[in-house]
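One structure below.
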Amino acid sequence: MLSAPIESNILKSVCSRSMASKTPVGFIGLGNMGNPMAKNLMKHGYPLIIYDVFPDACKEFQEEVVSSPADVAEKADRIITMLPTSINAVEAYSGTNGILKKVKKGSLLIDSSTIDPSVSKELAKEVEKMGAVFMDAPVSGGVGAARSGNLTFMVGGVEEEFAAAQELLGCMGSNVVYCGAVGNGQAAKICNNMLLAISMIGTAEAMNLGIRLGLDPKLLAKILNMSSGRCWSSDTYNPVPGVMDGVPSANNYQGGFGTTLMAKDLGLAQDSATSTKSPILLGSLAHQIYRMMCAKGYSKKDFSSVFQFLREEENF
Ligand code: NAD
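Pasting the structure below:
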């Protein structure tokens, strides 16, 4: 919780910032997700100040490119970060040339990376000490939804700041949901992805079993999708090649949501389960399966390649 004097100071400075609606927005991390998200902000008329540790990631943008997160913070008082892991987020915020080195009072810093909720809380404390505001706003929806501006954002932080965050996040997503205190966005995201991993593995197992029993995979998918086994992994993102068009399984599991990132999110679920003493039996097993896939050459493939992994492992 913010102490009362700090909270009121932050809210005072925030009022002046959120009035300046189309002032430049900082964007750090222009990867698979950050690239289309930044482009959607541009489409809504926001000039950007951008930075990525991998300079090529900024190449296709006409916007102002700077050479560190600190430089972004010097030029923009609203910044979005979209980075792979907790370590990268800490580096971008608290590193030698991190945001916190030059952040302006009253700035709004939104982290959309999927990271450990306890790291989000630590970052929020550091940001608060500088008189600025931090919100965690991880996303669900993948690269396709990032392109079409249909992401779901799960937002944690000071409630009075939600409207200011929503103004930017609404340009990139069709659902922007307030989840409560800082870290709660990450909590919701981690739970969703643990369920997604479990349901994807379950779908891959059921499809493989049906195929072994002699069923046509398209017919089996049709039956599952009109029956109680239906889920997003079966009806929107089926892992079996040839069942659906326009999904990674139709393209040798290229693009989409990488197996490494799924293993990372399951690791976050595992850590959170340990710290809260929550049983996640299937979540732990899913974590081991995705870690094993990374070790066996699947790390760059989409996470639905668990179907291919089962096929290759099935002679045991
Ligand atoms: P990505 O690896 O494609 O992009 C990350 C970008 O961050 C890269 O361009 C990298 O160079 C840059 N970067 C890394 N460290 C940096 C630093 N310290 N400073 C500046 N730039 C830095 O990852 P992504 O697929 O865009 O995913 C980003 C986040 O979104 C992850 O936390 C992921 O779990 C989450 N996510 C991804 C998807 C998806 O489908 N890809 C869906 C939902 C959520």
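If you use the numbering used here, the sequence shown corresponds to residues 1232 to 1547, in order. We put the CB at the ideal spot given by N, CA and C, even for glycine. Fair warning: this is a prediction, and the values are worked out from it, not measured in the lab.
| query | result |
| --- | --- |
| Span of the beta strand (DSSP E) holding Gly1387? | Leu1382 to Gly1387 |
| Counting only runs of 4+ residues fully inside the region 1338-1418, write out the alpha helix (DSSP H) ranges in chain order. | 1348-1360, 1373-1379 and 1393-1400 |
| If we count Cβ pairs, one from each stretch, closer than 8 Å, do we get three or more for the region 1511-1525 versus the region 1420-1438? | yes |
| Which residue marks the beginning of the beta strand (DSSP E) containing Arg1542, and which one marks its end? | Premise fails: Arg1542 lies in the alpha helix (DSSP H), Val1537 to Glu1544, not in any beta strand (DSSP E). |
| For Arg1309, name the three-state secondary structure that DSSP assigns. | strand |
| Compare the C-beta of Ala1418 against all C-beta atoms of chain B and say whether one is closer than 9 Å. | Note that chain B does not occur in the displayed structure, where there is just one protein chain. |
| For Glu1295, list the residues DSSP reports as bridge partners. | Ile1280 |
| Can you look up Val1303 in the DSSP assignment and give me helix, strand or coil? | helix |
| Between which two residues does the beta strand (DSSP E) harbouring Val1321 extend? | Careful: Val1321 lies outside any beta strand (DSSP E), inside the alpha helix (DSSP H) at Ser1317 to Ser1325. |
| Residues in its own chain within less than 6 Å of Phe1365 by CB, not counting five upstream and five downstream? | Leu1340, Leu1354, Ala1355 and Val1358 |
| So, helix, strand or coil for Gly1528, using DSSP? | helix |
| Residues in the same chain with beta-carbon distance under 8 Å from Gln1501, minus the five sequence neighbours each way, listed in chain order, please. | Ile1511, Gly1514, Ser1515 and His1518 |
| Would the C-beta of Glu1322 count as close to the ligand NAD, meaning under 8 Å from any of its heavy atoms? | yes |
| When burial is assigned at 16 or more other CB atoms within 10 Å of the CB, is Met1523 buried or exposed? | exposed |
| Suppose contacts are defined by Cβ-Cβ distances below 9 Å. Is Lys1352 in contact with Val1413 by that definition? | yes |
| Between the region 1472-1492 and the region 1299-1310, do three or more beta carbon pairs fall short of 8 Å? | no |
| DSSP on Phe1488, reduced to helix/strand/coil? | coil |
| Classify Phe1258: buried if its beta carbon has 16 or more other beta carbons within 10 angstroms, exposed otherwise. | buried |
| Any heavy atom of the ligand NAD closer than 8 Å to the CB of Gly1314? | What sits at residue 1314 in the sequence shown is Leu, not Gly. Yes, the ligand NAD has a heavy atom inside 8 Å of this Cβ. |
| Quick one: give me the first and last residue of the alpha helix (DSSP H) that Gly1257 is part of. | It is not in any alpha helix (DSSP H) - Gly1257 instead sits in the beta strand (DSSP E) that spans Val1256 to Ile1259. |
| Could you say which of Pro1479, Phe1292 and Asn1406 lies nearest to Val1386 if we only look at CA atoms? | Asn1406 |
| Do Val1256 and Leu1400 have their beta-carbon atoms positioned less than 9 Å apart in this structure? | no |
| Can you find a heavy atom of the ligand MN that lies under 8 Å from the Cβ of Tyr1468? | The ligand MN is not among the ligands present in this structure, which contains only the ligand NAD. |
| Return the first residue and the last residue of the alpha helix (DSSP H) that Leu1314 is part of. | Looking at the DSSP string, Leu1314 is not in any alpha helix (DSSP H), and its letter there is neither H nor E. |
| Looking at C-alpha atoms only, which residue of Glu1305, Asn1319, Lys1274 and Leu1272 is the closest neighbour of Asp1283? | Asn1319 |
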